[in-house]
Amino acid sequence: MRAVIRPVRQLIGETVIPGDKSISHRGVMLGAIAKGTSRLSHFLAGDDCLNTIKAFQQMGIRIELESVLKDDGSKDTEVIIQGKGLHGLKKPGKPLYVGNSGTTARLLAGILAGQSFEAILDGDQSLRKRPMGRIIEPLKRMGADIESENSTLPLTIRGGRLKGIEYALPVASAQVKSAIILASLYTGSPSVIHQPALSRDHTEIMLRRFGGRVEAQGLTLTAYPARELYGQDIRIPGDISSAAYFITAALLVPGSRIIMRGIGINPTRTGILDAYRQMGADITIENIDESGGEPAGDITASYSRLKGIEIGGSMIPRLIDEIPILALAATQAQGTTVIRDAAELKVKESNRIDAVVQCLRALGANIEPTEDGLIIHGPAPLTGNTVTCHMDHRIAMMAAIAGLIAEGETIITDGQWVDVSFPGFFKEIERLRS
């Protein structure tokens with residue numbers, strides 16, 4: 059889909075941010091292997107999460123999506139899952155195709171490792187290039203039989219009698235950590251996971267809601283086997299990674315002020331807010347609610363004059379998905395911004411270091427790649443151009459926000475990729491524009 063973005067004078071109003079992608083995935087997975095009914099409200103009905111649903115439907119789980127009309131007239135998506143318990147999944151009749159979703163592939167591998175049947179996990183051409191060795195190694199150590207060429211998809215997984223392991227994560231990765239935690243539900247003894255830095259902890263929070271046991275002490279986690287999990291009703295907060303695009307738009311477009319309600323503000327995910335505040339951003343959070351286990355609040359972002367900063371170390375896992383949009387903000391900040399320790403960007407949906415540089419340079423930014431990050435010199439005026447998003451939803455949305463402050467038209471040749479995490483993204487931009 060060809061998307062055309064034109065500059066805007068200002069953006070004023072409230073915007074509805076879709077449900078958190080990470081939490082939506084985990085809600086479906088745990089609901090499927092829990093006993094009884096689970097209801098997930100404000101579910102993200104994006105391509106990735108829909109692929110998670112389809113995978114469990116292939117394994118015999120009844121899952122329904124309902125469109126719910128909210129009091130303000132907007133529509134929401136509710137998912138109802140009829141879970142069959144830890145051992146209720148059936149052998150799929152064909153490979154489980156997860157599209158472009160690395161989260162689905164890696165977390166589902168952990169669940170499949172504990173099943174009594176063989177299953178094949180596969181994805182699209184982009185996902186087939188992403189590394190799976192980081193989950194294959196610990197799952198094999200736990201007793202799973204996994205076959206793969208070059209440690210990439212497709213994976214053939216034969217579940218077995220699993221045992222708990224002690225494992226040091228080579229990188230701070232919520233997906234690898236979660237694969238081990240989910241596999242540990244099927245072990246005879248606990249697994250101990252040592253993290254080099256904190257990563258998002260949605261699996262741990264949600265697993266406890268469903269009756270599982272996982273304990274954290276500093277950077278060390280202990281994940282315990284479970285006899286059973288039980289269905290839950292869960293309200294999914296708005297996705298801060300998606301909110302980051304409208305936060306940035308408000309910061310960069312003079313005179314703008316955007317309000318986003320019910321956004322997840324889990325401390326493992328709020329690195330982008332901390333970075334922007336260091337840059338001088340006017341961002342406030344009100345009406346904080348922690349009743350659902352995941353903290354959420356109303357975020358208001360207003361136009362700000364930003365300054366360059368340096369970030370790295372333990373901050374990176376807390377904003378790894380927001381680095382593309384942070385890089386755009388840095389092109390408009392006074393001074394130089396340095397992002398380091400972010401080599402993980404190379405193995406996302408695209409090589410995000412290269413993709414960010416190519417896209418923003420095409421628009422006139424002064425940006426350089428490094429081995430593990432980016433150096434951005436600002437401020438630099440941007441000029442509209444034709445760009446590609448490299449099959450990466452976060453690059454597409456970054457380019458769209460850049461188009462709002464660029465002179466002339468910005469054309470995104472493959473804008474359909476926004477549907478991975480933010481269906482209706484372009485319509486929301488136009489609604490705020492009016």
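59 is the number of the first residue of the sequence shown in my numbering; add one for each residue after it.
Idealized CB from N, CA, C, for every residue including glycine.
No experiment lies behind these values; they were computed from the predicted model shown.
Alpha carbon of Ser96 to alpha carbon of Glu429, nearest angstrom: 44 Å
Any 3 or more C-beta pairs closer than 8 Å across the stretch 390 to 405 and the stretch 429 to 440: At 8 Å Cβ cutoff, the stretches touch.
Three-state class that DSSP yields for Lys93 in the structure shown: strand
Lys406, buried or exposed, once every other Cβ within 10 Å from all chains shown has been counted against 16: Lys406 sits buried, since 16 or more C-beta atoms from the chains shown fall within 10 Å of its C-beta.
8 Å Cβ cutoff met for Ile239 and Thr261: yes
Among Ala464, Ser349, Tyr334, the one whose alpha carbon lies nearest that of Thr342: With distances taken between CA atoms, Thr342 lies nearest to Tyr334 out of Ala464, Ser349, Tyr334.
Segments assigned beta strand (DSSP E), at least 3 residues, entirely inside the stretch 161 to 242: 176 to 180, 203 to 205, 213 to 216, 224 to 226
Simplified DSSP assignment, three categories, for Arg271: coil
Length at least 3, wholly inside the stretch 127 to 157: the beta strand (DSSP E) runs in chain order: 133 to 142
Entirely enclosed alpha helix (DSSP H) segments - the stretch 392 to 435, minimum 4 residues: Segments of the alpha helix (DSSP H) lying fully in the stretch 392 to 435: 410 to 420.
Spatial neighbours of Pro382 in its chain, beta-carbon cut-off 7 Å, leaving aside the 5 residues before and after: Cβ neighbours of Pro382 beyond the five flanking positions: Arg410, Val414, Arg452, Ile453, Met456.
C-alpha distance - Gly104 paired with Met87, whole-angstrom precision: Taking the straight line from one Cα to the other gives about 16 Å.
For Ala388, the first and last residue of its enclosing alpha helix (DSSP H): 381 to 389
CA-to-CA distance, Gly482 to Lys112, given in whole angstroms: 21 Å
Of the residues Gly296, Gln116, Ile169, the one placed nearest Thr328, counting alpha carbons only: Cα-wise, what sits closest to Thr328 is Gly296.
Secondary structure of Leu354, DSSP reduced to three states: The amino acid occupying residue 354 in the given sequence is Ala; Leu does not appear at that position. Correct three-state label for Ala354: strand.
Residue closest to Leu166, alpha-carbon to alpha-carbon, out of Ile91, Met449, Glu224: Looking at the Cα atoms, Ile91 is the closest of the given residues.
Alpha carbon of Thr446 to alpha carbon of Thr73, nearest angstrom: Going by the C-alpha atoms only, they are around 26 Å apart.
Cβ-based neighbour list, Asp494, same chain, cut-off 8 Å, excluding 5 preceding and 5 following: There is simply no residue 494 to check, as the chain begins at 59 and stops at 492 in what is shown.
Length of the line joining the Cα atoms of Thr135 and Pro76: So the two alpha carbons sit approximately 10 Å from each other.
Those residues which DSSP pairs with His252 across a bridge: Ala226, Thr278
From Lys142, Pro228, Pro283, Ser132, residue whose alpha carbon lies closest to that of Leu256: Pro228
Beta strand (DSSP E) segments (min. 3 residues) lying fully within the stretch 311 to 354: 315 to 322, 340 to 347
Backbone secondary structure at Asp450 - three-state DSSP: Annotated three-state conformation of Asp450 is coil, per DSSP.
Residue burial classification, Arg120 (beta-carbon count within 10 angstroms, cutoff 16): exposed
Cβ contact (3+ pairs, closer than 8 Å) linking the stretch 179 to 199 and the stretch 131 to 151: no
Ser479 - DSSP class collapsed to helix/strand/coil: coil
Closest by C-alpha distance to Pro189, when choosing among Gly118, Pro212, Asp340, Asp412: That would be Pro212, whose Cα lies nearest to the Cα of Pro189.
C-alpha gap between Lys148 and Ser174, whole angstroms: As the crow flies, the alpha-carbon of Lys148 is around 9 Å from that of Ser174.
One or two residues paired with Thr441 in a DSSP bridge: Glu465
Collapsed DSSP secondary structure at Ala284 in the structure displayed: Three-state DSSP puts Ala284 in coil, outside helix and strand.
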